[in-house]
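J.: Under the working numbering, the first residue of the sequence shown carries the number 1215, and numbering increases by one thereafter. For reference, the structure I am asking about is given below.
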Amino acid sequence: MSLLAGCSCSADRALCRRPGARWFGDWNKDIQADLDAYVAAAAAKGQMPIVALYNMFNRDKGGQSSGGSASPDAYRAWIDAAAAGIADRPALVILEPDSLAQLGNLPSDAARAERTALVTYAAQALAALPTTTVYLDGGNATWIRPPEMASRLKDAGVEHVRGFAVNVANFHAVDMCCTYAQQITAELARLGLAGKGFVVDTARNGNGAMDADGQHVDWCNPSGRRLGVPSWLGIAGADYLLWIKYPGDSDGSCGIGQGISAGTFSPYLAERLIVGT
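This is how it looks when you write it as structure tokens:
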């Protein structure tokens, strides 16, 4: 079964034919119907849909991608509807990027516990589907230290799913990402959760995350980045290398994407990634 291209743009058909994630969130007015249509189309072609679910309550804590479900109960209902939309058909799901890595940005222990419980609820609901493979948020190589990320993943129900995703919407090179993920898997094994897998977002990491002066680039539409390895089977222990943050989708009105809101496809941003400027 091949991976399904998730891009819906028309600016560069060669780019858009590359398999990548389709993101679903609060912009979907009927999440069950929208996911049903997407996974049904993939199943009809014998392809594996890559789905990023991104509707966490208090999403991005007021940042460029703020929004999400209006309440914890609304989030649980949204996840139930998403699971019903996928049903018994194959899907590869990236669950709530940044949700665990951003725990430290939440204002209280109660808010952090609530976030962790919501991820756990989603993990269990999706794990109950017969042919769905799920990866939780694993942050990126220079954000949360591996022991802490492993602890967060354990608390958030990674035991119920295949594993975790690293480098989502970031720029670290594949070798650095795989080293980081392997450190997390080792920590998970120490916590009694051996054998967990991981995927790496390679959409924009062709030039890594350092600029010409050896400084770490900003996370938001930095210049000088390049397309990474297209979605395919993984290396160095990864289950898959995937285009999760689809090339050309803006991080927000920042960097070289001034005036382009988060999640909006921009031919300009896509072209900059193609040529590496």
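Note that the Cβ used here is the ideal one computed from N, Cα and C, for glycine as well.
Could you tell me how far apart the beta carbons of V1388 and N1419 are, in whole angstroms, since I believe they sit closer than 8 Å?
T.: Rounded, the Cβ-Cβ distance is 7 Å, consistent with contact.
J.: For L1456, is the classification buried or exposed, using 16 other Cβ atoms within 10 angstroms of its Cβ as the cut-off for buried?
T.: Flag for L1456 reads buried.
J.: Closest by CA to D1240, which one among A1298, G1448, G1477 and L1483?
T.: For D1240, the nearest C-alpha among the options comes from G1477.
J.: Counting only runs that start and end within the region 1333–1405, where is the beta strand (DSSP E) found for 3 or more residues in a row?
T.: The qualifying runs are 1346–1351 and 1377–1380.
J.: Exposed or buried, H1430, counting other C-beta atoms within 10 Å across all chains shown (16 or more means buried)?
T.: That one is exposed.
J.: Could you have a look at Y1482 and say whether DSSP puts it in helix, strand or coil?
T.: Residue state, collapsed to three classes: helix.
J.: Identify every run of the beta strand (DSSP E) within the region 1421–1464, keeping only runs that are complete inside it and at least 3 residues long; order them along the chain.
T.: Within the region 1421–1464, the complete beta strand (DSSP E) runs of at least 3 residues are 1454–1456.
J.: Can the beta-carbon of L1554 be found closer than 7 Å to that of G1471?
T.: The structure shown has nothing for residue 1554, since the chain only spans 1215 to 1491.
J.: Cutting at 6 Å between CB atoms, please list the residues of its own chain near P1444, excluding the five before and the five after it.
T.: Cβ within range, chain order: R1232.
J.: Report yes if the CB atom of P1344 is closer than 7 Å to the CB atom of D1294, and no otherwise.
T.: No.
J.: Within 10 angstroms of its Cβ, does G1466 collect 16 or more other Cβ (buried), or is it exposed?
T.: So G1466 counts as buried.
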